[in-house]
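**Student:** Provided herewith is a single structure, encoded as structure tokens, for subsequent inquiry.
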Amino acid sequence: MFITFEGIDGSGKSTQSRLLAGHLEAAGRQVVLTREPGGSPGAEEIRKLLVEGATDRWSAETEILLFTAARRDHLEKRILPALQDGQIVISDRFADSTRVYQGATRGERRAMVDSLHAQMIGTEPDLTLIIDMDPDAALERGLARGSGEDRFEEFGAEFQHRLRAGFLALAEEEPARCMIINGNRPADEVGAEVQALVLSRLA
Ligand code: ADP
Ligand code: TYD
7 MFITFEGIDG SGKSTQSRLL AGHLEAAGRQ VVLTREPGGS PGAEEIRKLL
57 VEGATDRWSA ETEILLFTAA RRDHLEKRIL PALQDGQIVI SDRFADSTRV
107 YQGATRGERR AMVDSLHAQM IGTEPDLTLI IDMDPDAALE RGLARGSGED
157 RFEEFGAEFQ HRLRAGFLAL AEEEPARCMI INGNRPADEV GAEVQALVLS
207 RLA
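In this note's numbering, the protein residues as written are 7 to 209.
In structure tokens form, the structure reads like this:
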């Protein structure tokens, strides 16, 4: 089973990915916990080019190519081998992030994103958990981390509001795969709902 977490910056994806992986491992499952951009050594190198530096460092087109290159390496080296081995793969972000961040919000390039995805990636998660929350609160949480990886957070609050709308629209496009989770709650409450959803899918 291939599970992804999606949502705006600071919505709690990393926290929930970790909680779910821990829960499934405690239940005796073999789990690979990974993230994008990154997740394999080559893709982690590409990640640095994407998340650090000035907001205008790359054009929208170059950015789509870099995210897709990173994803292709991640898929070849980490995701597909683990799935073939029968493990559960949990990825903190995947292709929906490109659809929303590069496709719908930075100048309507969704067709370009979709065609590159079809040619280079061609894999969809079995289940996508979209953590939905108030963009202003999420931005505060994210920037408070002071990670030095804030290139996208630096686009500002209005951008995060457009991203939120983009994720909600995507969930409407693909209701069988995408579930919306209310992230405006304590992490353990969100985690309990996530666990229940995943366990019912696994059963
Ligand atoms: P993301 O991966 O979506 O950017 P994180 O899981 O890294 O989000 O969370 C961003 C920040 O908010 C972290 O400092 C984290 O500890 C905190 N956080 C995560 N989930 C919650 C929650 N439900 N309530 C309050 N704070 C949270
Ligand atoms: P991430 O480390 O998940 O950031 P955060 O913890 O703040 O949510 O991802 C880094 C940034 O990269 C994030 O702002 C979202 C962006 N991103 C894209 O724009 N397109 C993509 O395809 C992916 C995977 C991430």
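Note that beta-carbon positions come from the ideal geometry of N, C-alpha and C, so glycine has one too.
Can you tell me whether SER20 is helix, strand or coil according to DSSP?
**Tutor:** DSSP places SER20 in helix when its eight states are reduced to three.
**Student:** Under 7 Å from any heavy atom of the ligand ADP, does the C-beta of ASP142 make it?
**Tutor:** For the ligand ADP, not one heavy atom lies less than 7 Å from the Cβ of ASP142.
**Student:** Note down, one range per segment and in chain order, each beta strand (DSSP E) of at least 3 residues found wholly within the segment 73-153.
**Tutor:** List check, beta strand (DSSP E) in window: 94-98 and 133-138.
**Student:** For the segment 27-52, which segments carrying the alpha helix (DSSP H) assignment without a break, of at least 4 residues, lie completely within its bounds, in sequence order?
**Tutor:** Segments of the alpha helix (DSSP H) lying fully in the segment 27-52: there are none.
**Student:** Taking the alpha-carbon of GLU21 as reference, which of LEU145, SER206 and ASP98 has the nearest alpha-carbon?
**Tutor:** Sequence check: residue 21 is Thr here, not Glu. If we check each option's Cα against that of THR21, ASP98 comes out closest.
**Student:** Report yes or no: do three or more beta-carbon pairs, one from the segment 184-197 and one from the segment 133-141, lie closer than 8 Å?
**Tutor:** Contact between the segment 184-197 and the segment 133-141 is present, because at least three Cβ pairs lie under 8 Å.
**Student:** Just to confirm before moving on: does the CB-CB distance between GLN108 and PHE73 stay below 8 Å?
**Tutor:** Yes, the pair counts as a contact, with Cβ atoms nearer than the cut-off.
**Student:** Return the chain-ordered list of same chain residues with a C-beta closer than 7 Å to the C-beta of MET126, the five sequence neighbours on each side being excluded.
**Tutor:** The answer, listed in chain order, is THR74 and ARG78.
**Student:** Less than 8 Å separating the beta-carbons of ARG84 and THR40?
**Tutor:** A contact, by the Cβ cut-off of 8 Å.
**Student:** For ALA177, which residues in the same chain have their Cβ closer than 7 Å to its Cβ, ignoring the five residues on either side in sequence?
**Tutor:** Contacts found: ILE136, CYS184 and ILE186.
**Student:** Count the other C-beta atoms from every protein chain shown that fall within 10 angstroms of the C-beta of THR68, then say buried if there are 16 or more, exposed otherwise.
**Tutor:** Classification of THR68: exposed, given that the 10 Å Cβ count is below 16.
**Student:** Starting from the C-beta of PHE161, find all residues in its chain whose C-beta is less than 7 Å away, skip the five residues before and the five after it, and write them out in chain order.
**Tutor:** Contacts found: THR61.
**Student:** Candidates SER17, LEU26, GLU58 and GLY44: which alpha carbon is nearest GLU199's?
**Tutor:** The shortest C-alpha separation from GLU199 is found at LEU26.
**Student:** Below 8 Å on the Cβ atoms is my guess for GLY44 versus ASP138; work out the distance and round it to an integer in Å.
**Tutor:** In fact, because the Cβ distance is near 24 Å, the residues do not count as touching under 8 Å.
**Student:** Under the assumption that HIS123 contacts ALA101 (Cβ atoms under 8 Å), give the Cβ distance between them as a whole number of angstroms.
**Tutor:** About 6 Å separates the two Cβ atoms, so the contact holds.
**Student:** What residue range does the beta strand (DSSP E) around GLU12 cover?
**Tutor:** That run of the beta strand (DSSP E) goes 8-13.
**Student:** For GLY18 versus VAL196, is the C-beta spacing smaller than 8 Å?
**Tutor:** Yes. Within cutoff.
**Student:** So, is ARG53 buried or exposed, given that buried needs 16 or more other C-beta atoms within 10 angstroms?
**Tutor:** Its Cβ being crowded by 16 or more others within 10 Å, ARG53 is buried.
**Student:** Between ARG147 and GLU58, is the Cβ-Cβ spacing less than 8 Å?
**Tutor:** Going by C-beta atoms, ARG147 is not nearer than 8 Å to GLU58.
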